[in-house]
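For the sequence shown, the numbering used here gives the first residue as 15, with consecutive numbering after it. Backbone N, C-alpha and C define an ideal beta-carbon position, used for all residues, glycine too.
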Amino acid sequence: MTGQPNYITPEGFAKLRAEYDHLLGHERPRVVEVVSWAAGNGDRSENGDYLYGRKRMREIDGQLRRLSRKMKDAKVVDPKAQPDKSRVYFGATVTIADEDDNRRTVTIVGNDETGAGRIGWGSPIARALRGAAAGDLRRVALPAGEKEYEVMTITYPE
C-alpha cells in the first residue's frame with residue numbers, strides 16, 4: 015500500500031466481494047475437482063488436465079490474495095453521505111470544460127473502479143479537481159501537456 019487510503023464506493027466494494035465469493039465458492043472448487051480427478055489417472059507429468067488445473071488453481075489463489083488485500087485496505091465512502099455537495103470530493107460527478115469549450119463529464123471513484131466516464135481518485139484530473147466549486151478553473155498536468163478546465167456542474171448520487 016502507498017500510505018494513501020484506498021477509497022472505494024459501496025458498489026465497488028460489493029463487486030470486489032462478489033468476485034472474491036465467486037472465485038472461492040464456485041471457480042476454485044470446480045478446478046480442485048478436476049485436479050483431483052486428473053491426479054487419480056496416473057502419470058501426472060504428461061497429464062494436461064492435471065497440469066492446466068494446477069496452473070489455473072495458482073492463478074485463482076493469486077487473484078484471491080489480491081482481492082483480499084484490496085478489500086482489507088479499502089475505505090468504503092458513500093458519496094450520498096458527502097456533507098458538502100457544492101465542492102468536488104470522492105463520488106462527485108463533474109462536468110468540466112476545456113479552453114475550447116469541449117465538455118466532459120466524469121465521476122470520481124476509487125482507483126480500482128475506473129472505466130467509461132469513471133476516473134480514479136488518484137488520477138491527475140481528479141487530484142486537480144478536489145475541493146473545486148462550480149466556476150473554478152483548475153490546471154491539470156497531462157502527458158500531452160498542461161490543460162486548464164473549468165468546473166461547470168457538480169452532482170452527487172441521491
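- Proximity to D112 across K84, K94, G145 and R153 peaks at R153, based on C-alpha coordinates.
- Looking at the DSSP output, E164 shares a beta bridge with A111 and L151.
- By the beta-carbon neighbour count (other beta carbons within 10 angstroms, threshold 16), L30 is buried.
- Under the three-pair Cβ rule at 8 Å, the region 41–51 counts as touching the region 65–85.
- The DSSP-derived three-state label of G134 is strand.
- Excluding the 5 residues flanking it on each side, A53 has same chain C-beta neighbours closer than 7 Å at Y64, in chain order.
- From the listed residues L37, I110, P93 and G62, the smallest Cα separation to R80 is found for L37.
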